[in-house]
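Residue numbers (this note's numbering): 18 to 319.
Just so you know, even glycine gets a beta-carbon here, dropped at the ideal spot from N, CA and C.
Below is one structure; the comments refer to it alone.
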Amino acid sequence: MLLGSPAAVPCRPVNALSLDVEEYFQVSALERHIPRAHWERLPSRIEASMERLLELLESSGARATFFTLGWVAERHPGLIRRLVAEGHELASHGYAHIRVNRQERRAFAEDIRRTKALLEDIGGVEVRGYRAASYSLDASTPWAYAELYAAGYGYSSSLYPIRHDHYGNPQGPRFVHQPLPDAPDFIEIPVSTLNWFGQRLPCGGGGFFRLYPYAVSRWAIARINRVEEMPAVFYLHPWELDPGQPRQSGLSLKTRLRHELNLGRTEARLRRLLGDFCWDRMDRVFVLGRATLPESLLGCWP
Ligand SMILES: [Zn+2]
């Protein structure tokens, strides 16, 4: 059943919007084709993509969380200060987009501390949120949450509980939870999935938002809100609004499709999404209300 447009509902419930701030050439799916050593030589396009994103958010009144690479923040400090000044949340995506399950514990601890300090120095605000590159917290990284908590982070949004060849943990919890028994004030906020006849379907953004017709994404998010009575958690990348980005050679058909599919349609779809639902920063949707989760969120529903 396709639900009616949630635009008729006055901004309830509030969903969580996030952007992973990285260049088009820093995507994990392209790492075999574009070594980190080449990053400096490639033309940066993040400023123009972020400009469009920030204008879209401003015109809709939405605020979002920007999980930002330290590498990008160092090279574009003005961008970081601007998103903070416009009321968005600054959060960490690690320094150089290395998957957590490819790091030793000590290297991970250093990376999350270094990036937090760097972002806080540039942005002038405390950084509480973290998202792992390619949702790469899994059974092989049981130490990751403890290290994030010890480093001063208040939440992670590093779990996409789906089956996927590059990321995801299909057994993981679908909704916000406390992964550390001894730290109830630290929470994990998984990206949204839909429970559909026993199957978990991804509906939290990224490539799936570009793949599905917009009506499917809208229906899935409305269903999470109305049937499961939970906020949706959605993500995109600035490069997904950049159809003019350089095309990479030597990609497999699957990788090319995943990266390039419907890039020219993302901006219009995002504009509709911002109009059809109410969106805010991760910390305001979840972290500030954690003491009363989920009642405080359910209370938002009319
Ligand atoms: Zn990323």
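So, using beta-carbon positions, are residue i and residue j closer together than 9 Å?
i: Pro198; j: Ser174; result: no
i: Arg92; j: Ser45; result: no
i: Leu96; j: Tyr112; result: no
i: Asn186; j: Pro196; result: no
i: Glu106; j: Gly171; result: no
i: Phe251; j: Leu73; result: no
i: Leu280; j: Leu258; result: yes
i: Cys148; j: His194; result: Per the sequence presented here, residue 148 reads as Arg, with Cys not at that position. Contact flag unset, no.
i: Arg191; j: Asn212; result: yes
i: Leu154; j: Asn118; result: yes
i: Lys133; j: Val142; result: no
i: Trp56; j: Glu40; result: yes
i: Asn242; j: Pro94; result: no
i: Ala238; j: Leu290; result: The question names Ala, but residue 238 is Ile in the sequence shown. Yes, they are a contact pair.
i: Leu253; j: Gly292; result: no
i: Ile140; j: Ala90; result: The sequence shown places Gly at residue 140, rather than the Ile named in the question. Against a cut-off of 9 Å, the Cβ pair of Ala90 and Gly140 comes out as a contact.
i: Ala150; j: Ile204; result: no
i: Pro255; j: Val38; result: yes
i: Phe225; j: Thr283; result: no
i: Pro248; j: Asn32; result: yes
i: His276; j: Leu270; result: no
i: Gly88; j: Gln43; result: According to the sequence displayed, residue 88 carries Trp and not Gly. Closer than 9 Å, so yes.
Is residue i helix, strand or coil by DSSP?
i: Asp300; result: helix
i: Phe225; result: helix
i: Ala81; result: coil
i: Asn279; result: coil
i: Ile51; result: coil
i: Asp37; result: strand
i: Ile204; result: strand
i: Val244; result: coil
i: Ala108; result: strand
Leaving out the 5 sequence neighbours to the left and right, which residues in its chain are closer than 8 Å to residue i when beta-carbon positions are compared?
i: Glu320; result: For the chain, the structure presents residues 18 to 319; residue 320 sits outside this window and is missing.
i: Tyr166; result: Leu197, Ala200, Phe203
i: Thr332; result: Any property of residue 332 remains undetermined from this structure, which presents the chain solely from 18 to 319.
i: Glu75; result: Glu103
i: Arg98; result: Ile139, Gly140, Gly141
Given residue i, which residues of its chain have a CB within under 7 Å of its CB, disregarding the five upstream and five downstream residues?
i: Leu100; result: Leu71, Phe83, Leu107
i: Ser66; result: Pro255, Trp256, Leu258, Asp259
Looking at the strands, I want to know which residues DSSP matches up with residue i.
i: Arg217; result: Asn212
i: Tyr252; result: Ser35, Gly222
i: Ser173; result: Tyr147, Glu205
i: His194; result: Glu205
Enumerate in chain order the residues of its own chain whose CB-to-CB distance from residue i is below 6 Å, with the five nearest sequence positions on each side excluded.
i: Phe303; result: Val193, Ile206
| the stretch 48-55 contacting the stretch 242-262, beta-carbon criterion three pairs below 8 Å | No, because fewer than three Cβ pairs between the stretch 48-55 and the stretch 242-262 fall closer than 8 Å, the two stretches do not touch.
| request: Spell out a yes or no on whether the stretch 292-300 and the stretch 76-89 are touching, meaning 3 or more CB-CB pairs, one atom from each, closer than 8 Å. | output: Per the Cβ contact rule, the stretch 292-300 is in contact with the stretch 76-89 (3 or more Cβ pairs under 8 Å).
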